[in-house]
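Single-structure report; data block below.
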Amino acid sequence: MSARSKARKRALDVLFESEVRGLPVGGTLADRVADNDPPVNEFTVALVEGVAKHVEQIDELLETHSVGWTLDRMPAVDRNILRIGAYELLYDDQVPDVVAVSEAVALARDLSTDESPAFVNGLLARLLQLKPTLGL
């Protein structure tokens with residue numbers, strides 16, 4: 001697993017933990033950085049902070065374009081994988097679009113249900129199609 005893949009997994013851990021604890025998106029980041037066990041690298045921090053900064057827009061897009069699923073109905077792990085993938089796809093010009101989608105699908109394959117990789121792939125592919133028209 002590449003360093004960036006590990007950083008994405010760590011970002012997912014932080015986002016998931018924050019949600020489970022009822023904290024704002026990324027609300028456990030400062031604690032995880034202070035604990036440094038396991039270490040939290042700069043890319044993880046950038047992902048969590050980026051998702052937190054854009055979560056309202058990201059969630060609106062996910063809700064609007066997921067067919068038959070509200071954010072609340074999605075498994076928490078899928079919701080946070082999608083947030084990371086959407087952030088990288090729409091707001092991080094340093095990550096190629098295909099990498100953002102591929103990494104999100106890999107996280108879903110490793111950490112979620114059997115149906116999750118296809119769902120994550122389909123929803124992020126839809127956002128990729130719409131990207132030129134979103135004005136972000």
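Those letters in the sequence shown? Residues 1 to 136, per the UniProt record's numbering, in order.
Cβ coordinates follow ideal geometry from the N, Cα and C atoms, glycine included.
Owing to the predicted nature of the structure, the values given are computational and were not obtained by experimental measurement.
Keeping to the same chain, check which residues put their C-beta closer than 8 Å to that of residue 131; ignore five residues upstream and five downstream.
If we look at residue 131 and ignore the five residues flanking it on each side, its Cβ neighbours are 89, 90 and 97.
Contact between the segment 64 to 75 and the segment 92 to 108 (3+ Cβ pairs under 8 Å)
Too few Cβ pairs lie closer than 8 Å, so no.
On the criterion of 16 or more Cβ atoms from any shown chain inside 10 Å, does residue 86 qualify as buried, or is it exposed?
Counting the other CB atoms within 10 Å of its CB gives residue 86 a total of 16 or more, which places it among the buried residues.
Closest residue to residue 26 among 79, 52 and 80 (Cα-Cα distance):
52
Kindly list the residues whose CB is nearer than 7 Å to the CB of residue 48, restricted to its own chain and excluding five residues on each side of it in sequence; keep chain order.
Same-chain partners within the cutoff: 11, 14, 15, 26 and 29.
For residue 122, three-class secondary structure by DSSP:
helix
Determine the closest residue to residue 50 out of 74, 64 and 92, with distance taken between C-alpha atoms.
92
Between the CA atoms of residue 62 and residue 126 - distance to the nearest angstrom:
10 Å
Count the other C-beta atoms from every protein chain shown that fall within 10 angstroms of the C-beta of residue 20, then say buried if there are 16 or more, exposed otherwise.
exposed
Which residues bound the alpha helix (DSSP H) around residue 80?
76 to 91
Given residue 84 as reference, the closest of 133, 66 and 59 once Cα atoms are compared
Residue 84 has its Cα closest to that of 59, out of 133, 66 and 59.
Taking the C-alpha atoms as reference points, what is the distance between residue 121 and residue 33?
30 Å
On the criterion of 16 or more Cβ atoms from any shown chain inside 10 Å, does residue 35 qualify as buried, or is it exposed?
exposed
Looking at the structure shown, is residue 28 part of a helix, part of a strand, or coil, going by DSSP?
coil
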